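Numbers given in the working numbering equal positions in the sequence shown, counted from 1, plus 302.
All residues carry an ideal CB built from backbone N, CA and C; glycine is no exception.
For clarity, every value in this text was computed on a predicted model and none was experimentally measured.
Take a look at the structure below.
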Amino acid sequence: MCRTRTKSRTSRTPNPSDFKAAFCRRTYCNPKQIGGILIAKLIVAEKPSVAMSYAKVLGATNRQDGYLEGNGYLVSWCVGHLVELAPPNVYDAKYVKWSIADLPILPQQWQYLVSASTKKQFGILQKLMHRPDVDSIVNSCDSGREGELIFRLVYQQAGCKKLFSRLWLSSMEENAIREGFAHLKPSTEYDALYNAALCRERADWMVGINASRLFSCLYGQPLAVGRVMTPVLAMTVVREAAIAAFVPEKFYTVALTLADGGTASSKRFAQKADAELLLSKCRKEERVTVQKMDRKEKSESPPPLYDLTALQRDANRLLGFTAQQTLDYAQSLYEKRLITYPRTDSRFLTEDMAASLPELVATAAGAFDFHEDVPVHAQQVIDSSKVTDHHALLPTASVAKTDLSALPAGERSILRLVVARLLCAVGEAHRYAETTMTTICAGEEFTAKVKAVLSDGWKGIERKMLGDLLGKKKEPAVLPDVPEQSECSITGAELKEGQTSAPKHFTEDLLLSAMQTAGSESMPEGVERQGIGTPATRAATIEKLVQKGFLERKGEKKTKILLPTDKGKALITVMPEEIQSPELTADWETKLLRIERGEMEPEEFMVEIKDMISSLVNTTEAMKGANVLMKNKIVGVCPNCGANVVEREKGWFCENRECRFALWKDNAYFKRLGKHLDGRMVDKLLRDGRVRLKDCRSAKGKTYNATVLLSCESDGRSKFSLEFENGGC
C-alpha cells in the first residue's frame, strides 16, 4: 500500500537485514539475548496515545516514566516536534535586533534546539536510544513527511548511531499494527521523504524569517510573512477585490405557464423593453407549437472516496466544521482505530484491497443501521497508480465493535460522512432522463427542461445516510406529454427579472479547493495538482491566518465565510509578487514532491529558495504612501505619557518607544478573573480608567461582579486593581 521509494545516495543509515518479527494474535517473539544481556527494540511513536496502542499489541505493559517496557520492547513517544530549528540569534547575537542591514539570514550549517517545553521527554528518548540493551530502533511516528522529520531530528540530536527501521501504517487496528511490525521497512526507503521534509522546514524558516524582518523594518510594525500563508491570504484579497469591483448586469426573460404542466422560458434579454414587447405578444396567444421533444438518458457516476481535503470540504459545506476541526476529529477517530490514516492525498485503493471491500462495506453500513443491500463495484475505487504513501480514507472494521453513540458528536458526524462516502463510491450510477421541450410562441423560441430519475443509485444511499444535511429534496418538474408539431395551451405569461452573480466569498470549502489548484479554476479533475500546501498543512495555514488577524470568519449560517481584514488587505498590498504568488508557491510544492520521489536533488531546491530571498532583500523598497495604508489602529491615549496607544498582534502598545505602557492580549490578570482582554475592554480602560466586568470567577469557582481599575507603575507599566460590588465574593 505504499510505493517503494528511490534510495538516497547520501544515506547515513545502513540497510538493516534483521528487522522482521513474526506475530500472531497473542503470541510474541521472545526477547533476544546476547552475551547474557537481554536485547530490546526501541519503538518511537509520535504521540503517547499511539504509543499505548503499539505497546498493547507488542506486549510492553510495564509503565515507566515516559515509556513502556516489556516482551523485549521499549515503547516511547515524541510529543510532536521535540527538536526545532534554532532562532537567528543562536547563529549570531546581533540577530536579536531586527535590521535590514543584517539580511538575508541564510545559515550554512543548520542548528537545532530541543523545545523548552519537551526537554524532559527528549532526555528520556536520548537515554533509551543509548541504553546498552537497545540494539535497534523503529521509527513509528506518523506515516508521512512530518512524522519522518520528527523522528529523524530527535535521532540526530540525540547523537544516536544505531540501526533504525520504519513502521508504515494506514490503519491503527490491532491486526494492521501487528502486520506492520511484521514487515518493517528499511529506513533508507524513506531518505528522500526526509530530504523533502528538511527542505520544506528550512525553506519555510528562511522565507518566514527574512521576509517578516524585511517588511516589518520597512513599515515599522511587526508583519508576519510565510511561504504558504501569504499566497493563501492573497487569494482571499483578490477574491474580495473582484466582488467589490463586480457590477451586476440585469437580464429579463419571459416565462410561459403551460396548461398541462411545466414552464417554458425565452432567451435572456439585456433590455427590459425587448422582453416586455415579447410578453405583450405572448399574452395575445392561447397556444404554443411544440417544435421538438428531445429525451436523453444520462448518468452521474459515484463520487470518489475521500482524501483529507475532500473530507474537510464536505464537512465545512454540510456541517459548518472548520478544516482544523475536521482534521482534529479525523485524527482522533484514527487513533481510536475507527478510520484509516486521515492525512492522505489519494482517493483510490490498491488492487490487493478489492477482495476485502464487500465485507467492509457491509460492516460499515451495519454500524449506522443501514441494512439495505449495497452493490459493491470495487473497480470504481481501485487504481494502484494513484496511491502513493496512503490509500483513500476508509472506515475500519472496528466500527462494528464500537459504541458509536458514545463518540463526541463531531467525531460521529465525520465518521458518518466517511462511511456514507464508502457506500456511495462503490454503488451504482445515478441514472436519469433529461427531456428538453422546444416551443414557438409569437415567433420566439421557448424551452423547458426536466429531469426524471430512472434509478437513484448512489444518490439514494447518500440521502438515506445523510438525510437533512443535504437539504430538502426538490420536487421534480413536469412537462406535458405531447408529440412534436402539436399544440399546447398556455395559461399565463410573465416577465422575470434576474441579474448576473458576483464571485462567491470564500468559505473554507471553497478556499481549500483553491489551495488544491493554486487558484486555477480550469484545472481538470484527475490531473496531478500543483497545490498550495499539503492536505496535512492546509488547515493549520487557515487557522494561522485567523489567529494573526489577517482573516476573520463571518456570517450567521453554520458555514462561515472567510474575509481578509484591513490588516490582511494592507499586507498583501505591499507584498511583491514573488511572495504572494500562488503559482510560485505551488511550483515549490511540486519540487518538494519531486524531491520526495527522488527525482530532484535537495540542494537544487535550496539554492533556488536562497536566490529568491537574496533578490527580495536586495531589490525591495518601501511602497510610497504605504505608511498610511499600514498605519496601526489608534485605540486611545496612553495614561502614562499621553502618546497614542495602537493595536498590534500581541496587544495594545504606546507609540512612544521610551514608554513601557502595554496591555497584552494574553493578559494573566484578566485570565485569573476568567476573562479575556478584548478591544471593548481596552477602549473603556483607556477612556475611563476602568471597566465593569460581570461573572468574574474566583479561585474557588464562585462568580461575582467587579470593576477593574487601570493605573501605571512608576516605570510606566500597566497596573490593575479590583473594586468589588456588594462586598466582593
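When DSSP reads this structure, Tyr734 sits in a beta bridge with Lys600, Val755. In terms of Cα proximity to Pro710, the closest of Asp630, Trp954, Lys776 is Asp630.
Here the region 706-723 does not lie against the region 574-586, with fewer than 3 beta-carbon pairs under 8 Å apart. Fully contained in the region 379-443 are the following beta strand (DSSP E) runs of length 3 or more, in chain order: 385-387, 414-416, 436-442. In this structure, the CA atom of Leu988 is about 41 Å from the CA atom of Leu812. Secondary structure note for Cys584: it is in no beta strand (DSSP E), and the uninterrupted alpha helix (DSSP H) holding it is 574-584. Per DSSP, the continuous alpha helix (DSSP H) segment holding Gly712 begins and ends at 711-727.
When secondary structure is reduced to three states using DSSP, Leu376 falls in the strand class. Looking only at Val352, Arg994, Ala513, Asp435, the smallest Cα-Cα distance to Gln882 is reached by Ala513.
Per DSSP, the continuous alpha helix (DSSP H) segment holding Ser815 begins and ends at 810-818. Restricting attention to Arg502, Asp675, Ser567, Ile479, the CA atom closest to the CA of Ile763 is found in Asp675. Here Asp685 carries a coil assignment [DSSP, helix/strand/coil]. For Thr1009, there is no enclosing alpha helix (DSSP H); the residue is found in the beta strand (DSSP E) stretching over 1005-1014.
Assignment of Gln787 by DSSP, reduced to helix, strand and coil, places it in the coil class.
Taken in chain order, the complete alpha helix (DSSP H) segments of 4 residues or longer contained in the region 969-1005 are 970-974, 981-990.
Ala617 has its alpha-carbon roughly 36 Å from the corresponding atom of Lys798. Put simply, the backbone Cα of Ile716 is about 7 Å away from that of Thr628. The beta carbon of Met914 sits closer than 7 Å to the beta carbons of Glu880 from its chain, once the five residues preceding and following it are set aside; these are given in chain order. DSSP, read as helix, strand or coil, puts Gly953 in strand. Listed in chain order, the non-local C-beta contacts of Tyr369 below 7 Å within the same chain comprise Leu376, Val377, Ser378, Ile426, Leu430, local neighbours out to five positions each way being set aside. Between the alpha carbons of Lys935 and Ser686 lies a distance of about 55 Å. The Cβ neighbour count for His692, taken over all protein chains shown within 10 Å, is at least 16; the residue is labelled buried. Exclusion of the five residues before and after Ser757 leaves Arg733 as the residues of its chain whose Cβ lies within less than 6 Å of its Cβ.
Excluding its 5 nearest sequence neighbours in each direction, Glu653 has C-beta neighbours in its own chain below 7 Å: Ile684, Ser686, listed in chain order. A Cβ-Cβ contact shorter than 8 Å links Phe748 with Val590.
Cβ neighbours of Met595 within its own chain (closer than 6 Å, five residues either side excluded): Met739, Glu786. Beta-bridge pairing by DSSP links Ile345 to Val377, Val440. The residue among Leu384, Gly510, Lys464 with its C-alpha nearest the C-alpha of Leu451 is Leu384. When beta bridges are read from the DSSP output, Phe553 appears opposite Gly800. Here Ile834 carries a coil assignment [DSSP, helix/strand/coil].
For Arg855, the uninterrupted beta strand (DSSP E) segment begins and ends at 853-856. Gln573 counts as exposed, since fewer than 16 other beta carbons sit within 10 angstroms of its beta carbon.
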